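A short write-up of the structure that comes next.
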């Protein structure tokens, strides 16, 4: 199983606890996890990171091409399934339109197509009457849980669904 990192994971890491200048070990961990085939992101996230001319954009531009995955044939039906899900989930039309134009839509479609786990700081807002919601990725994890559960030389990957705090 691999993890797909959302834009906000990179931005929050840089701006809060894992700044590029004072915690290079975190960024090295991302590179090592990518080399091990467990951490990726997508090309739409790279575009968002590049939109701000800062150290994070420079860091992202220095990653190998395979780090930021491009859509392939498997993503097309998942994109359709993601769109169908979003349109049928009783969200406000404006929220659906925003989602379908955002990198999150593509991130979810990639995760669905490849059975990857989306790592994000976002939380899903539910209407109280919506009891049967399902997100297309298997689960959403907060960054600290992905780091803690990532495979290491000392043991296997542990699987645990963690509900983000509100």
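Numbering (our numbering), first residue to last: 13 to 178.
C-beta atoms are modelled at their ideal positions from N, C-alpha and C, and glycine is treated no differently.
Computed from a prediction, not measured in an experiment: that's the story for all the values here.
Reducing DSSP to helix, strand and coil, say where residue 32 ends up.
Start at 1 with the first residue of the chain shown, and residue 32 comes out as number 20. Correct three-state label for residue 32: coil.
Determine the contact status of residue 112 and residue 54, defining contact as a CB-CB distance below 7 Å.
As a working note, residue 112 is residue 100 in the chain shown. As a working note, residue 54 is residue 42 in the chain shown. No, these two residues do not count as a Cβ contact at 7 Å.
How is residue 130 classed by DSSP in three states: helix, strand or coil?
Mapped onto the chain shown, residue 130 falls at position 118. Strand at residue 130.
Is it true that the region 41-57 meets the region 80-95, where meeting means three or more beta-carbon pairs spaced less than 8 Å apart?
yes
For residue 87, report the span of its alpha helix (DSSP H) as first-last.
If you number the chain shown from 1, residue 87 lands on position 75. From DSSP, the alpha helix (DSSP H) with residue 87 extends over 87-100.
Please confirm whether residue 121 and residue 73 have their CB atoms less than 7 Å apart.
For the purposes of this step, residue 121 is taken as residue 109 along the chain shown, with counting starting at 1. For the purposes of this step, residue 73 is taken as residue 61 along the chain shown, with counting starting at 1. Cβ atoms of residue 121 and residue 73: not closer than 7 Å.
Boundaries (first-last residue) of the alpha helix (DSSP H) holding residue 21:
The sequence position of residue 21 within the chain shown is 9, counting from 1. Element bounds for residue 21: 19-27.
With distance defined between alpha-carbon atoms, name the residue in 126, 116, 123, 124 nearest to residue 135.
Counting from one through the chain shown, the residue named residue 135 turns up at place 123. Selected option, being the one with the closest Cα: 116.
Return the CA-CA distance between residue 20 and residue 31, expressed in angstroms with no decimal places.
As a working mapping, residue 20 is identified with position 8 in the chain shown. As a working mapping, residue 31 is identified with position 19 in the chain shown. Straight-line Cα distance between these residues: approximately 14 Å.
Hey, out of 37, 128, 95, 23, whose CA is closest to residue 65's CA?
Within the chain shown, residue 65 is the residue found at index 53, counting from 1. When only C-alpha atoms are compared, the closest one is 23.
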